Amino acid sequence: MAKQVDQDVAIPEIMQSLRRIFKAIQDYSRDVTQKYRITGPQLWALNTISKNERMSLSDLSERMYLHRSTITGLMDRLEKKGYVARNRDRVDRRVIYVQLTTEGKRLVKRAPNPIQGKMIYGLRNLEKRKLNLIYESLRELVGIMEVKNVKVTFFFDQE
């Protein structure tokens, strides 16, 4: 069982921890944008695609935990920059696959790992009990702050 912490210790530490997380994501996004001329989420998408030969937009949406319409807009921007190419499935024309171009592969090789990917990887590797504790705690915090219906896309990005 976890050690009980006094409110005078817990609340300031929670606030500092949240600030550290937000600051790390903000700094990462700024650095990626300045150095590579793409956003953090765009790099995250390229990195996710790079782990496969090609991916359907539905699979990419699922792996990134984002709505399909968000992925479509993201792919529009990456395709315009020359980092990805889209192709329709030959049998089911409704299915669209995306893959990295040569330029996209080059960018992924030299860019840092996406910070969102680190978070997801870490969460996936937690014990079920710890993951559920974080899940319930964050749901509670969202309720306390009355922000359950706030529309979100990416951290610190206007994607």
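Its first residue numbered 25, the sequence shown is counted upward by one per residue in our numbering. Cβ atoms here follow ideal geometry from the backbone N, Cα and C, with glycine treated the same way. Quick caveat: nothing in here was measured; it's all calculated off a predicted structure.
Residues bridged to residue i [DSSP beta-bridge criterion]
i, result
"Gln123", "Ala109"
"Met79", "Val122"
Where residue i sits in the DSSP three-state scheme
i, result
"Ile7", "Because residue 7 is not part of the residues shown, which for the chain are 25 to 183, the question remains open."
"Pro136", "coil"
"Arg101", "helix"
"Tyr52", "helix"
"Asn173", "coil"
"Tyr89", "coil"
Reference residue i; option with closest CA among the options
i, options, result
"Leu98", "Ser80, Pro65, Gln140, Ser74", "Pro65"
"Lys104", "Lys154, Ala48, Leu124", "Leu124"
"Arg112", "Lys129, Ser82, Ala135", "Ser82"
"Ile75", "Met169, Gly141, Val29", "Sequence check: residue 75 is Lys here, not Ile. Nearest C-alpha to Lys75: Gly141."
Close Cβ partners of residue i (< 8 Å) along its chain, the five nearest in sequence each way excluded
i, result
"Asn137", "Asn71"
"Gly106", "Thr125, Glu127, Gly128"
"Met79", "Thr72, Ile73, Arg87, Tyr121, Val122, Gln123"
Within 9 Å, strictly: CB atoms of residue i and residue j
i, j, result
"Val119", "Val108", "no"
"Ser85", "Ile95", "yes"
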